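These notes concern the structure reproduced below.
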Amino acid sequence: MECAALGWESGIPSPLSGRGWSQTFSVQFVAGHITTPSERNTVYALATPPGRGGIGVIRISGSHARDVWTSMLVSHSRVATNAERRPLREPGTNTSRILFRCMVVHPRTREVLDDGMAVFFHAPNTYTSRDVLELHIHSGRAVTSAVLSALSHIPTLRPAEPGEFTRWAFESGRIDLTEAEGIRDLVDAETDGETKKRFEVLRNDVIRCLASVEALIDFGEGEEIEEGVYDSARLQARNLRNTISQHLDDNRRGEILRSGIRLAIFGPPNVGKSSLLNYLVANHSPRRQAAIVTPLPGTTRDVLEVSLDIGGMPVIACDTAGLRDTDDIVERIGVERAGDMIQGADVVLCLLSIHEATAAPHIPQDVAAHIDKNTIIFVNKTDLLSLAPNTLWMGSVLHDQGMSQFMDGLVNVLKVRFHGSGDGADPLITHVRHRTILQNALQHLDAFLELGTRLQGQDDIVPGAEELRYVAQEIGRISGAIGVEDVLDSVFRDFCIGK
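First residue of the sequence shown: 1, per the UniProt record's numbering; consecutive thereafter.
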């Protein structure tokens, strides 16, 4: 007998009241056994995108992962009946991390759900530090849905909450905060970098600075500390402050790269904006068209956004309505939205066309109002000229003339503005949380440096050390906890106390 999970609303007496149960809770009743939420500590989820690729992976982790192995996996045989199928050999330490061919069956009906493979990982040597079972099955939605539904019939299992596997990995010390935050970036594969290592450099700088001040406080009255230690600590703090300040003064390049560079394509009606968008899309995904193209002005009436990869950078290209005065209510709304998009874009690309009569770009006043020194200008329809001037960035989307040079130039502009700094390094700050933390750390560094300018005696060093501890705690929230042991190690290593 099996019942769905039951829950009692707050204020309604529980059926188990009077038997030692005084709080509301939910239970699952299976074959005479009541399973409480604390027992359902094994979770499962689809670990691969549904319907993409031939193989789908379902991950199960927790102390009852072995229950799935014993109740849903049987030896591989296409001819055996339900009664003839033998349970798969239980995983031992000598068979850990080995793929086994098997049949996946329903735990109740014994119906065959799929022909797949299974691999068991023994705790604690797993991502979550708990037992992990992975089912490698066919990725069709019908198959994955059937297997996930079957897992729900095992009373000790429950669906994983979003990010729960990664949370377990963090709580068990498998990963730190930067790695946890980088999981989504890694899955999206938008950018790469060594963020953790670069934050570790800042962390080590703080530790050395704090260790100098701590050594001066604890051992400064002896002869074991050389003169000038405090001045050296102040110099280290000043250099650290300059480094953090430079990272903060990056025009939010890292956050923009992480979420996607918003590229607004604007210009007069019927100059080829939608054709250019389709060209960019075709370079990213051949045979795909994003925008409708007609010879009629005003075809595009709303902002059309497409996510692309241009030169290895994530770009959200936005096609906008042609800018002009119009009596059409719908088109006027589109023009207003185009103006908002231009103002909020990270990069603006103005598209013009050659005016046949004058053989020169025509810039209507509605368009000119949005052009400044940072605007990229591309002159389209140069196929209408017998000879295009070499001094202009010009081309023809229709006939693919000059487009290679245009794309090279666009990639170069994006890299200069967003990818590299003066030292050629990628932006350090890619999360709003990181920016806030570094701003807080900067305030404490400023407080430490301010205290140093009016230092009167040994007692005045203590507040400065406290400010440095705050800096360490802030950066530790990004790279991982910083403890007393880190500072003590640095004190004894750098100053040889007790040698």
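Beta carbons are placed, not taken as given, at the ideal position from N, Cα and C, and that holds for glycine. Computed from a predicted model, the values in this text were never measured in an experiment.
With a threshold of 7 Å (Cβ to nearest heavy atom), would residue i be considered close to the ligand MN?
i	result
residue 466	Questions concerning the ligand MN fall outside what the structure shown contains, since it holds no ligand whatsoever.
Hey, out of the options, whose CA is closest to residue i's CA?
i	options	result
residue 87	401, 107, 159, 353	107
residue 347	263, 322, 278	263
residue 256	418, 436, 113, 101	418
residue 76	117, 69, 53, 63	117
residue 283	305, 303, 310, 265	310
residue 445	126, 54, 200, 205	205
residue 321	312, 314, 341	341
residue 141	54, 336, 408, 461	54
residue 412	401, 312, 343	312
residue 469	237, 408, 276, 45	237
residue 368	143, 337, 324	324
residue 345	436, 374, 216	374
residue 416	250, 450, 404, 66	250
Here's the rule: buried if 16 or more other CB atoms are within 10 angstroms of the residue's CB, otherwise exposed. What is residue i?
i	result
residue 260	buried
residue 90	exposed
residue 280	buried
residue 101	exposed
residue 203	buried
residue 352	buried
residue 331	buried
residue 463	exposed
residue 274	buried
residue 402	buried
residue 432	exposed
residue 436	exposed
residue 434	buried
residue 228	exposed
residue 329	exposed
residue 67	buried
residue 133	buried
Terminal residues of the continuous alpha helix (DSSP H) containing residue i?
i	result
residue 408	403–414
residue 342	329–344
residue 575	Since the first residue of the chain shown is 1 and the last is 499, residue 575 is not available in this structure.
residue 175	First-last for residue 175: undefined, no H or E at that position.
residue 59	Where residue 59 is concerned, there is no enclosing alpha helix (DSSP H), although the beta strand (DSSP E) it sits in stretches over 55–61.
residue 254	253–259
residue 151	141–151
For the beta strand (DSSP E) that contains residue i, what are its first and last residues?
i	result
residue 245	Note, residue 245: premise wrong, no beta strand (DSSP E); alpha helix (DSSP H) at 229–248.
residue 70	Per DSSP, residue 70 belongs to no beta strand (DSSP E); it is in the alpha helix (DSSP H), 65–72.
residue 317	313–319
residue 307	304–310
residue 100	100–105
residue 154	It is not in any beta strand (DSSP E) - residue 154 carries neither H nor E in the DSSP assignment.
residue 161	Careful: residue 161 lies outside any beta strand (DSSP E) and carries neither H nor E.
residue 114	112–121
residue 127	Here residue 127 belongs to no beta strand (DSSP E), and DSSP marks it neither H nor E.
residue 429	Note, residue 429: premise wrong, no beta strand (DSSP E); not H, not E.
residue 46	42–46
residue 379	376–380
CB-CB under 7 Å to residue i, same chain, minus the five flanking residues each way: which ones, in chain order?
i	result
residue 441	244, 471, 474, 475
residue 104	72, 73, 113, 114, 116, 135, 137, 147
residue 247	428, 429, 438
residue 422	Any reading at residue 422 must be qualified, since the residue scores a pLDDT of 48, below 50, and its modelled position is unreliable; no value is offered.
residue 169	127, 128, 175
residue 265	273, 276, 277, 317, 318, 319, 320, 349, 351
residue 46	56, 58, 144, 148
residue 98	119
residue 198	428
Give every residue of the same chain whose Cβ lies closer than 6 Å to the Cβ of residue i, excluding the five residues on either side of it in the sequence, and list them in chain order.
i	result
residue 48	56, 57
residue 130	61, 62, 123
residue 391	Model confidence at residue 391 stands at a pLDDT of 34, short of 50, so the residue's coordinates are unreliable; what they give is reported in the following sentence. Nothing meets the Cβ criterion.
residue 254	427, 429, 430
residue 371	350
residue 64	42, 156
residue 326	332
residue 515	No answer is possible for residue 515: the residues shown for the chain start at 1 and end at 499.
residue 337	303
Go through its chain and collect everything with a Cβ distance to residue i's Cβ below 8 Å, but skip five positions before and after it.
i	result
residue 95	89, 120
residue 239	205
Would you say the region 211–218 touches the region 229–242, given that touching needs at least three Cβ pairs under 8 Å? yes
Three or more beta-carbon pairs under 8 Å between the region 135–148 and the region 161–169, yes or no? no
Indicate whether the contact test is met: 3 or more Cβ pairs, each with one atom in the region 243–250 and one in the region 264–279, closer than 8 Å. no
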